[in-house]
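Structure first, commentary second.
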Ligand code: ATP
Ligand code: MG
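Numbering (my numbering), first residue to last: 1 to 176.
Laid out in structure tokens, this is it:
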């Protein structure tokens with residue numbers, strides 16, 4: 001990794017107790033593959049890739065301008081991409097989640113930061129190089145989402161580590 005740049009992405013970090021419950025459930029499926037560490041469970045909103053450190057102030061201020069209400073994420077779908085990645089996802093992603101990812105993309109593009117144009121597919125990676133889906137699995141996990149963060153993806157002897165650089169609260173729901 002170069003000293004003057006970081007591999008960055010905006011994401012929701014899975015709260016520790018929920019991450020623990022999810023990886024325990026995953027381990028009980030007894031599927032082959034390389035498990036994602038509990039501390040690494042996250043949902044990527046926008047991937048930025050390698051960015052110069054000089055870009056950080058812009059990223060921090062544009063993230064602060066994105067205004068989205070808090071929302072609940074219901075993780076009820078287990079899927080597998082063609083590359084063998086087993087993931088958990090909401091079968092019906094809430095509008096606020098799509099709005100958050102799109103709001104960040106729009107603000108980044110307005111700031112002249114180039115992004116790939118792959119469509120947003122909300123998912124939490126669980127297991128890499130997994131050869132198949134289980135015969136039956138009915139996940140049901142609820143995640144109250146109250147903030148999002150900017151992360152640097154770093155390599156250590158133990159694999160990838162995601163360092164949270166900053167986080168921002170979502171707008172609280174108004175009292176009825
Ligand atoms: P590793 O690559 O070490 O197996 P990782 O994929 O979790 O681990 P990164 O490659 O740094 O670590 O990616 C960080 C996050 O960004 C992950 O959620 C990953 O799925 C996502 N990501 C990585 N590359 C892209 C890309 N080109 N487009 C969209 N999302 C990406
Ligand atoms: Mg990767």
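Think of the CB as a built atom: it goes at the ideal place given N, C-alpha and C, for glycine as much as any other residue.
Host alpha helix (DSSP H) of residue i (start-end)
{"i": "residue 133", "result": "First-last for residue 133: undefined, no H or E at that position."}
{"i": "residue 93", "result": "Unbroken run through residue 93: none, as it is neither H nor E."}
{"i": "residue 62", "result": "56–64"}
The ligand ATP heavy atom lying under 6 Å from the CB of residue i
{"i": "residue 5", "result": "no"}
{"i": "residue 54", "result": "no"}
{"i": "residue 23", "result": "no"}
{"i": "residue 153", "result": "yes"}
{"i": "residue 160", "result": "yes"}
{"i": "residue 10", "result": "no"}
{"i": "residue 47", "result": "yes"}
C-beta atoms of residue i and residue j nearer than 7 Å
{"i": "residue 99", "j": "residue 145", "result": "no"}
{"i": "residue 11", "j": "residue 44", "result": "yes"}
{"i": "residue 22", "j": "residue 141", "result": "yes"}
{"i": "residue 104", "j": "residue 70", "result": "no"}
{"i": "residue 73", "j": "residue 143", "result": "yes"}
{"i": "residue 147", "j": "residue 169", "result": "yes"}
{"i": "residue 6", "j": "residue 152", "result": "yes"}
{"i": "residue 8", "j": "residue 48", "result": "yes"}
{"i": "residue 139", "j": "residue 76", "result": "yes"}
{"i": "residue 167", "j": "residue 149", "result": "yes"}
{"i": "residue 122", "j": "residue 93", "result": "yes"}
{"i": "residue 116", "j": "residue 53", "result": "no"}
{"i": "residue 134", "j": "residue 56", "result": "no"}
{"i": "residue 60", "j": "residue 137", "result": "no"}
{"i": "residue 111", "j": "residue 58", "result": "yes"}
Residue interval of the beta strand (DSSP E) (run including residue i)
{"i": "residue 50", "result": "42–52"}
{"i": "residue 39", "result": "Neither: residue 39 is in no beta strand (DSSP E) and is coded neither H nor E."}
{"i": "residue 154", "result": "147–156"}
{"i": "residue 165", "result": "159–169"}
{"i": "residue 26", "result": "Careful: residue 26 lies outside any beta strand (DSSP E), inside the alpha helix (DSSP H) at 16–28."}
{"i": "residue 11", "result": "5–13"}
{"i": "residue 80", "result": "77–80"}
Residue i beta carbon near the ligand ADP (any heavy atom closer than 6 Å)
{"i": "residue 44", "result": "As presented, the structure is devoid of the ligand ADP, carrying the ligand ATP and the ligand MG as its sole ligands."}
Practice problem: Examine the Cβ distances between the stretch 121–135 and the stretch 84–96 and report whether three or more of them are shorter than 8 Å. | Solution: Contact between the stretch 121–135 and the stretch 84–96 is present, because at least three Cβ pairs lie under 8 Å.
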